[in-house]
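For reference, the structure discussed in these notes is given below.
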Amino acid sequence: MPEFKTLKDFDIKDKRVLVRCDFNVPLDDKEEHIDDDWKIRKSLPTIQYLLDKGAKQIVLMSHLGRPKGEIVDNLKMNKVADRLAELLGQPILKLNDCIDEEAPEDERIILLENLRFHSAEKDSNEHFAKALSEYGEIFVNDAFGTCHRAHASVVGVPKFLPSCAGLLLEDEIKHLSSVVDPERPACAILGFAKIASKFGMMRKLFEKLDFVLMGGAVVFTFLKAKGFEVGKSKVEEDDIQLAKDLMIDFEDKIIFPSDFVVADRMEEGAKTKTVGIADFPIDKMGLDIGPESVSFFIEKLSEAKTVVWNGPLGVFEIEEFSNGTREIAEYLADADKTVVIGGGETSEAIRKFKLDSKMTWVSTGGGASMDYLEDKELPGITALEENTLRF
């Protein structure tokens with residue numbers, strides 16, 4: 016595990032504390048309301064800890080959406096401030112900018128404006144980072160979901176302030192490390208779309224784990240690479256050779272579904288049928304794993320002590336194609352094993368089925384969690400490690 020300071024290493028009392036949070040929450044179609052406040056809720060333990068330990072002032076900062084260095088009214092942090100105030104039962108002062116704005120001494124909790132209204136944030140501008148650091152005496156990084164980004168608020172601020180990991184970031188590293196060095200037998204469930212963007216992570220998991228259950232859209236690229244008919248299912252033609260390469264090295268570890276739920280359209284109310292892998296109709300697309308596969312996957316999962324899951328097994332957003340993901344999630348929720356959920360879609364599915372509280376860990380970091388599992392350097396973590404030598 017990485018070595019960095021945590022909140023417990025600091026005397027917080029009467030200090031001004033600057034916290035990098037991940038409030039990049041999904042908004043509705045008009046970007047007027049928060050669709051899902053899960054990430055805001057995950058930040059509460061760190062904020063409450065700082066309040067309980069007597070922090071003089073807590074200054075929170077985050078990005079929201081992709082404003083590309085421009086002020087976008089619908090991406091201002093006001094709606095986040097309002098929701099955070101409701102959850103904490105405390106007033107939140109939202110400033111009109113994230114730099115060069117005075118933080119009134121009598122305000123206990125302050126939220127800065129959207130960091131990405133300034134292109135200097137993504138450019139990791141040192142002057143911008145220095146301006147942010149003026150808001151605190153201690154810096155807390157609690158935004159694991161941005162640790163794979165070398166942005167000013169993530170890697171720049173630790174150059175100027177004593178820094179540590181927040182409670183959420185600390186928990187993320189602890190639980191993801193349980194997959195990097197797992198209790199065995201250990202397995203993965205993979206169900207994303209493209210191999211190319213996840214190739215390094217897949218290879219690492221195949222090397223480290225005992226077996227891998229394949230589902231979701233990616234399975235059809237593998238099956239086509241094996242010579243199976245997959246009808247109109249989504250296949251990434253450019254990834255077929257990558258699938259072949261992985262199967263050459265790890266075919267004995269890869270477990271494929273034996274049946275699928277198919278339809279001619281990916282819509283609510285679509286007429287479905289279940290077909291075996293050898294009887295795939297040329298005019299249909301696979302949109303979920305079938306009941307035989309669900310039963311077999313559960314049988315295999317019963318052998319594992321550690322499970323990491325990235326990617327739903329079907330189009331879970333549509334009821335007709337949600338059964339595979341739901342049944343596997345329900346089994347894991349009640350199983351006596353370490354279950355770590357990574358990736359945005361998978362965590363969304365687990366929360367849709369109201370099973371997140373029963374999993375060992377549901378990661379807030381999509382790309383960051385996958386990079387960590389791939390053993391890639393996370394700039395935000397490196398910045399915290401280097402900070403221990405600086406202060």
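Each step along the sequence shown adds one to the number in this note's numbering, with nothing skipped, and position 123 is 138.
Idealized CB from N, CA, C, for every residue including glycine.
Here the structure is a predicted model, which means the values were calculated and not measured.
From the DSSP output, in three-state form, read off residue i for me.
i	result
S362	helix
F132	helix
Q72	strand
I210	coil
V170	helix
L191	helix
L79	coil
L257	helix
I263	helix
K247	coil
K369	coil
E117	coil
D186	helix
E252	helix
Measure the beta-carbon distance from residue i to residue j and round it to whole angstroms, keeping in mind my assumption that it falls under 8 angstroms.
i	j	result
S273	I292	5 angstroms
E318	P200	5 angstroms
M358	F207	Checking the sequence, you will find Gly at residue 358 rather than Met. Yes, G358 and F207 are in contact; Cβ-Cβ is about 7 angstroms, under 8 angstroms.
F312	R341	Actually they are not in contact, since the Cβ atoms of F312 and R341 sit about 13 angstroms apart, beyond 8 angstroms.
D50	D43	5 angstroms
D157	V34	6 angstroms
I304	G246	Incorrect: roughly 15 angstroms between the Cβ atoms, too far for contact.
F235	G151	Their Cβ separation, rounded to whole angstroms, is 49 angstroms, which puts F235 and G151 out of contact at 8 angstroms.
How far does the beta strand (DSSP E) with residue i in it reach, from first residue to last?
i	result
G395	That residue, G395, is in no beta strand (DSSP E); its alpha helix (DSSP H) goes 394-405.
K286	Neither: K286 is in no beta strand (DSSP E) and is coded neither H nor E.
R35	31-35
I86	Unbroken run through I86: none, as it is neither H nor E.
I356	353-357
Which residues bound the alpha helix (DSSP H) around residue i?
i	result
A348	338-349
T236	233-240
R123	Here R123 belongs to no alpha helix (DSSP H), and DSSP marks it neither H nor E.
F214	214-223
L103	93-103
T61	53-67
G381	381-388
Per DSSP, what are the beta-bridge partners of residue i in this structure?
i	result
M229	L205
K109	L126
F275	V290, I304
A180	T21, N156
L42	I49
V377	I356
I269	V227
**OP:** Report the residue ranges of all alpha helix (DSSP H) runs contained in full by the segment 296-334; include only those spanning at least 4 residues, in chain order.
**Re:** 306-316
Subject >> Length-filtered (4 minimum) alpha helix (DSSP H) runs lying within the segment 135-166 >> reply: 141-148
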